[in-house]
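Chemist:
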Amino acid sequence: MATGTEKTLKVALAGNPNSGKSTLFNIFTGLNQKIGNFPGVTVDKKSGFAKIKNTSIEFIDFPGSYSINALSEDEKVLPDVLSDTTNPVHPDVVVYVADSTNLRRSLFLCTQIMDSGIPVILVLNMIDLLEKSDEEIDIASLSKELGIKVLAVNARDAKGIEELKKSLTDSFSIPDKKILSVEVQETDKAKKQRLETIERYKAIREILKKAVSKKTSGLGSSVTNKLDDILTHRIYGFLIFFLVLFLVFQSIFSWSAYPMELIEKLFSSLEQFSLSHLPKGMLTELLVNGILAGISGVLVFIPQIALLFAFIGILEDTGYMARVSFITDRLLRKFGLNGRSVIPLISGVACAVPAIMATRTIPNWKERIITIMVTPLMSCSARLPVYTLLISLVIPSEKIFGFLNLQGLVLMALYLIGFVAAIIVAMVLKFVIKARERSFFIMELPVYRSPRWSSVGLGILEKVKVFVFEAGKVIVAISIVLWVLSSFAPGDRFEKIEKRFRAEEFSQTHSSDEIEKLIATEKLEQSYAGIMGHFMEPAIRPLGFDWKIGIALVTSFAAREVFVGTMATIYSVGDENNTLSIREKMMSEINPETGEKRYSTAVAFSLMIFYAFAMQCMSTIAIVFSETKSWKWPTLQFAYMSFLAYFSALLVYQLMK
Amino acid sequence: MKLSELKPGQSAIIKDFSDDDLSLRFLEMGCVPGEEIMLERIAPLGDPIAIRVSGYSLCLRFSEAESILISTTERK
Chain A
-16 MATGTEKTLK VALAGNPNSG KSTLFNIFTG LNQKIGNFPG VTVDKKSGFA
34 KIKNTSIEFI DFPGSYSINA LSEDEKVLPD VLSDTTNPVH PDVVVYVADS
84 TNLRRSLFLC TQIMDSGIPV ILVLNMIDLL EKSDEEIDIA SLSKELGIKV
134 LAVNARDAKG IEELKKSLTD SFSIPDKKIL SVEVQETDKA KKQRLETIER
184 YKAIREILKK AVSKKTSGLG SSVTNKLDDI LTHRIYGFLI FFLVLFLVFQ
234 SIFSWSAYPM ELIEKLFSSL EQFSLSHLPK GMLTELLVNG ILAGISGVLV
284 FIPQIALLFA FIGILEDTGY MARVSFITDR LLRKFGLNGR SVIPLISGVA
334 CAVPAIMATR TIPNWKERII TIMVTPLMSC SARLPVYTLL ISLVIPSEKI
384 FGFLNLQGLV LMALYLIGFV AAIIVAMVLK FVIKARERSF FIMELPVYRS
434 PRWSSVGLGI LEKVKVFVFE AGKVIVAISI VLWVLSSFAP GDRFEKIEKR
484 FRAEEFSQTH SSDEIEKLIA TEKLEQSYAG IMGHFMEPAI RPLGFDWKIG
534 IALVTSFAAR EVFVGTMATI YSVGDENNTL SIREKMMSEI NPETGEKRYS
584 TAVAFSLMIF YAFAMQCMST IAIVFSETKS WKWPTLQFAY MSFLAYFSAL
634 LVYQLMK
Chain B
3 MKLSELKPGQ SAIIKDFSDD DLSLRFLEMG CVPGEEIMLE RIAPLGDPIA
53 IRVSGYSLCL RFSEAESILI STTERK
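Chains A and B are the protein sequences, given in the same order. Take -16 as the starting number for the first sequence in this note's numbering and just add one per residue. Take 3 as the starting number for the second sequence in this note's numbering and just add one per residue.
1. Please state if the CB of residue 88/A and the CB of residue 31/B are separated by a distance shorter than 8 Å.
2. Answer yes or no: the CB of residue 9/B versus the heavy atoms of the ligand FAD, is any distance below 7 Å?
3. Any C-beta of chain A sitting closer than 8 Å to the C-beta of residue 78/B?
4. Where does residue 52/B fall in DSSP's three states?
5. Within the 8 Å Cβ cut-off, does residue 23/B reach chain A?
6. Could you tell me whether the Cβ of residue 109/A comes closer than 8 Å to any Cβ of chain B?
7. Which residues in the same chain as residue 65/A place their Cβ atom closer than 7 Å to its Cβ, once the five residues preceding and following it in sequence are excluded?
8. What residues of chain A sit near residue 10/B, judged by a beta carbon separation below 9 Å?
9. Taking only beta-carbon atoms, is residue 49/A less than 8 Å away from chain B?
10. Keeping to the same chain, check which residues put their C-beta closer than 7 Å to that of residue 169/A; ignore five residues upstream and five downstream.
11. Within 8 Å (strictly less), CB to CB, does residue 125/A reach chain B?
12. Around the C-beta of residue 22/B, are 16 or more other C-beta atoms found within 10 angstroms, so that it is buried, or is it exposed?
13. Can you pull the chain B neighbours of residue 177/A, defined as C-beta to C-beta under 8 Å?
14. Any beta carbon of chain A sitting closer than 8 Å to that of residue 59/B?
15. Opposite residue 43/B in the DSSP bridges: which residues?
16. Could you give the residue range of the alpha helix (DSSP H) that holds residue 536/A?
17. Can you give, in chain order, each stretch of the beta strand (DSSP E) that sits fully within the region 136 to 201 of chain A and has at least 3 residues?
18. Apply the 10 Å Cβ neighbour rule to residue 418/A and answer buried if 16 or more other Cβ atoms are within range, or exposed otherwise.
19. When DSSP builds the beta bridges, which residues end up paired with residue 311/A?
20. Using the Cα positions of residue 605/A and residue 614/A, report the straight-line distance between them to the nearest angstrom.
21. Put residue 28/A into one of helix, strand or coil per three-state DSSP.
22. Rounded to the nearest angstrom, what separates residue 172/A and residue 50/A at their Cα positions?
23. What residues of chain B sit near residue 421/A, judged by a beta carbon separation below 7 Å?
24. Does residue 173/A have its Cβ less than 8 Å from a Cβ in chain B?
25. Is the shortest distance between the beta-carbon of residue 517/A and the beta-carbons of chain B less than 8 Å?
26. What residues in its chain sit with their C-beta under 7 Å from that of residue 297/A, if we drop five residues either side in the sequence?
27. Taking CB distances under 8 Å as the criterion, tell me whether residue 49/B reaches chain A.
28. Spell out the partners DSSP gives residue 648/A in its beta bridges.
29. With DSSP run on the structure shown, which of helix, strand or coil describes residue 426/A?
30. Pull the bridge partners of residue 594/A from the DSSP assignment, please.
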């Protein structure tokens, strides 16, 4: 029987949110997991493979849900797949994971699945918590009443897992009578669903009467209750929340700096090595400045993503995240946001990429989209070098009122502008974006528990994988395009430049180092990026920008901080880390039309406002694409942010000049 | 009487719902007529609220709580 063509057994994991379904999935599949889409919809599908007693099994983790009547796209996957036997992920058996401490509600969806005619194995999870509570479940009688196999496991310490594994290789049967035995006569679909729900709960009550006995009449989880007294307290609750936010912010802002630097150093030495060891030519250039630069630009985000998701994993797993929503909902609802939008928005101050990935925890589609759309307006750390350069150019480093540093004040104002813009845009989007589903806030407040470290770890790994393989592709592709734009020129322009600067008389008056710098400057100006800068000039002149800034706008699309590097090349400053010398060059630049300084206060402010609002970041575009699974949202985002940036900069320049 | 009129610590019995769309959601979460329900706490800013039903905590907005009709007289 055991031939090569043996069919893979498909096992679906289903259950309520917080039932421990995903933990069980991790135990079964370990690192052998794959993330894809459910056929036909944009809902993430996690599947994994395992071999048990010669049977190869594919486990499919379905999104947590409370009912098969549910309306959201995530929750609809389960009923759609179950009712369609031709669906490639239609399961042979459903392992239904129930929270033992919440058996009544858990059995609702479980019996709905059973009644749809698919074999079900009921797994009573968190049996350890039940032992501490006031109920006792008679597993044998529950199994008899339901007519299916019932097993008790504790997903946290793999108790009962072996037994469950064994039972997967047994044969399955479908009970001959349905749990919902009465036929509800009603033509109105919604009304029918309501009446059926009431009838089903009646049937479940009868089953539980026989299978569950109450030991004492306690009041359930008193620890959770006491913790909630503090964590949702009107003073301590917010205080602790701010402390948590501060910790998250610190971690992605400063703790991640060291590993990020390490990755960048590693890649720059790799680039140096390739340049000196590979044959000179276009291919090496492409490899080093296009592909390697792109990959380094992808990998450099990993420390921030890993750290942020370590925190989010812990906050979700312990049940604290639900409380964050609980205490902030009222405030954020006005702006079309959700309590869970706070973490992405604050993380956005460090970097929009992990922040946008963090919006996954927002259950409502509209609130999640609004959060994604406004997060890049928060001033991220990549804007900092741009702001610093421009501020030092036009704002004197003096103190007002004796202690406030003027430069610091301007920097703070820029951060504030980003935050205010995010809130205003969120409010506007609240009215513009149509809701896919009615906004509910009917949500379980799960019992507090200690985090499952393996789940947190696998969660981090999953996020990193999604980023590297989905957003990473787009980032490397754009990086190559940008390299082409700045390294190629039409016709023989580059040859002419080489000829001119390599001439005899030149090397007598200039050092070879200076010549290299001059060639680099001239090449950038003559390249396609340079042509684009010239081409853009009429459009950006009202903002106070010239074609040189135009070039920087094109190249810094890779990442905002590239602006500084491009300025260094344009003004022939070899060391792009030497902000001081870039500043001096920029300061002495004269506007030929007015005869005054090119970088006047008006231009610097116009440029800063432009960078505050413009979507100058290919990585953000890539991650918005991979998170929303459509080009619609990143396109809209790019459009509204560019529009906002252009007209705000225009206004600033025209008022200040 | 509406669920939104309860004070923290008070319990009641669910009677009916005044919003058809929301009612299915509540029913599925175990808030069926006849079930005992207790107002556990109110969020610091006065909204949403948390209730205890069927052995677990459920949070909902004040406006949603207005659609759950209750009775405090029929105590078990």
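The C-beta atom is built at its ideal place from N, Cα and C for all residues, glycine as well.
Modeler: Inspection of the coordinates gives the following:
1. Translated into positions along the second sequence, residue 31/B becomes position 29. Translated into positions along the first sequence, residue 88/A becomes position 105. By the CB criterion at 8 Å, residue 31/B and residue 88/A fall inside the cutoff.
2. With respect to small molecules bound, the structure shown includes none, and the ligand FAD cannot be examined in it.
3. What you label residue 78/B is simply residue 76 of the second sequence in a count that begins at 1. In this predicted model, residue 78/B has a pLDDT of only 47, less than 50, meaning its place in the structure is not dependable enough to derive any value.
4. The residue labelled residue 52/B in the question sits at position 50 within the second sequence. Three-state DSSP puts residue 52/B in a strand.
5. If you number the second sequence from 1, residue 23/B lands on position 21. Yes, its Cβ sits closer than 8 Å to a Cβ of chain A.
6. On the first sequence, residue 109/A is found 126 positions in, with the first residue counted as 1. Judged by the 8 Å Cβ criterion, residue 109/A is not in contact with chain B.
7. Within the first sequence, residue 65/A is the residue found at index 82, counting from 1. These residues qualify, in order along the chain: 96, 99 and 101.
8. Within the second sequence, the letter at position 8 stands for residue 10/B. Correct list: empty, because the minimum Cβ distance to chain A is about 11 Å.
9. For the purposes of this step, residue 49/A is identified with residue 66 of the first sequence, where counting begins at 1. When Cβ-Cβ separations below 8 Å define contact, residue 49/A makes contact with chain B.
10. Here the question's residue 169/A lines up with position 186 in the first sequence. So the qualifying residues of the chain are 175 and 178.
11. On the first sequence, residue 125/A is found 142 positions in, with the first residue counted as 1. No, no contact with chain B.
12. Within the second sequence, numbered from 1, the residue matching residue 22/B stands at position 20. Exposure of residue 22/B is indicated by the presence of fewer than 16 other C-beta atoms within 10 angstroms of its C-beta.
13. In the first sequence, the residue the question calls residue 177/A occupies position 194. Chain B residues near residue 177/A: 22, 25, 26 and 29.
14. Mapped onto the second sequence, residue 59/B falls at position 57. For residue 59/B, the nearest beta carbon of chain A is closer than 8 Å to its own beta carbon.
15. Taking the first residue of the second sequence as 1, we reach residue 43/B at position 41. According to DSSP, residue 43/B bridges with 52/B.
16. Here residue 536/A is taken as the residue at index 553 of the first sequence, counted from 1. Unbroken alpha helix (DSSP H) run through residue 536/A: 530 to 538.
17. Note on the region 136 to 201 of chain A: whole beta strand (DSSP E) runs with a minimum of 3 residues are 195 to 197, in chain order.
18. The count along the first sequence starts at 1 and reaches residue 418/A at position 435. Answer is exposed; the Cβ neighbour count stays below 16.
19. The residue given as residue 311/A occupies position 328 in the first sequence. Beta-bridge analysis with DSSP links residue 311/A to no other residue.
20. By 1-based counting over the first sequence, the position of residue 605/A is 622. By 1-based counting over the first sequence, the position of residue 614/A is 631. Distance between the alpha carbons of residue 605/A and residue 614/A is about 9 Å.
21. What you label residue 28/A is simply residue 45 of the first sequence in a count that begins at 1. For residue 28/A, the three-state secondary structure derived from DSSP is strand.
22. Taking the first sequence and counting its residues from 1, one reaches residue 172/A at position 189. Taking the first sequence and counting its residues from 1, one reaches residue 50/A at position 67. Computed Cα separation, rounded: 15 Å.
23. The count along the first sequence starts at 1 and reaches residue 421/A at position 438. Correct list: 23.
24. On the first sequence, position 190 is the one that residue 173/A refers to. Taking 8 Å as the CB threshold, residue 173/A lines the interface with chain B.
25. Along the first sequence, one-based indexing puts residue 517/A at 534. No, residue 517/A does not count as interfacial toward chain B.
26. Counting from 1 along the first sequence, the entry for residue 297/A is found at position 314. Within the same chain, residue 297/A has close Cβ partners 434 and 439.
27. For the purposes of this step, residue 49/B is identified with residue 47 of the second sequence, where counting begins at 1. Taking Cβ atoms only, chain A reaches closer than 8 Å to residue 49/B, which makes this a yes.
28. Because chain A spans -16 through 640 in this model, residue 648/A falls outside it and cannot be assessed.
29. Looking up residue 426/A in the first sequence gives position 443. Here residue 426/A sits in strand by DSSP.
30. Indexing the first sequence from 1 puts residue 594/A at position 611. DSSP, once it has assigned bridges, lists no residue as partnering residue 594/A.
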